[in-house]
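A short worksheet on the structure shown next.
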Amino acid sequence: MVIYANKRSPLARYRQADASEANYATPHRLVQMLMEGALDKIAIARGAIERKDLQSKHDHIHWAIAIIDGLRSGLDFEKGGEVAANLDSLYAYMRRRLTEANAAGRIELLDEVTSLLKEIKDAWDAMPEQVRMAKNAAEIEAMVR
């Protein structure tokens, strides 16, 4: 099951923007990198709240929101079906909670988003290699049978 589109998605733009690992990464790895980046930005924002560094909090939460928006806009609803729809709803929820955390400076909201995103990332990381490399849903369905 493919849940992220490959054509000109934010993932493709991310690959073009970064001259390092992203240039050679598979679409699966790019999603991992985006999730890692969002988690890093949220962790930095958390520290900024603790230090009362409002500008850093604001900047890093906005960066995390942009990454989550990129993950969300890269979903392929046609091929991803219910999984893509569920991820879309979850990413929208995370975006709202990050916006609330930014406005109120509430660490527990950042922790909530971190927990949700880690759960998604853990599932993504645990995906079997054959599924990671499959080009379409038919290949994945054939593997599952």
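If you read the sequence shown in our numbering, its first letter stands for residue 148, the second for the next number, and so on. Just so it is clear, CB atoms sit at the ideal spot from N, CA and C, and this is done for glycine as well.
Between residue 267 and residue 196, the gap from beta carbon to beta carbon reaches 7 Å or more.
Residue environment: residue 171 is assigned as exposed (fewer than 16 neighbouring CB atoms within 10 Å of its CB, all protein chains considered). A straight-line Cα-Cα distance of about 20 Å links residue 230 and residue 180. Along the length of the region 252-282, whole alpha helix (DSSP H) runs at least 4 residues long occupy 254-272 and 276-280, reported in chain order. In this structure, the alpha-carbon of residue 248 lies about 18 Å from that of residue 184. Contact annotation: residue 260 and residue 237 have beta-carbon atoms that are not nearer than 7 Å. For residue 195, the enclosing alpha helix (DSSP H) has its first and last residue at 174-198. Sequence-distant partners of residue 207 (beyond 5 residues in either direction) whose C-beta falls short of 7 Å from its own C-beta, in its chain, are 188, 191, 192 and 195.
Straight through space, the alpha carbons of residue 264 and residue 228 are spaced by roughly 20 Å. The C-alpha of residue 258 lies about 28 Å from the C-alpha of residue 224. Scanning 217, 186 and 175 for the CA closest to the CA of residue 274 turns up 175. Around the beta carbon of residue 211, 16 or more other beta carbons lie within 10 angstroms, which makes this residue buried.
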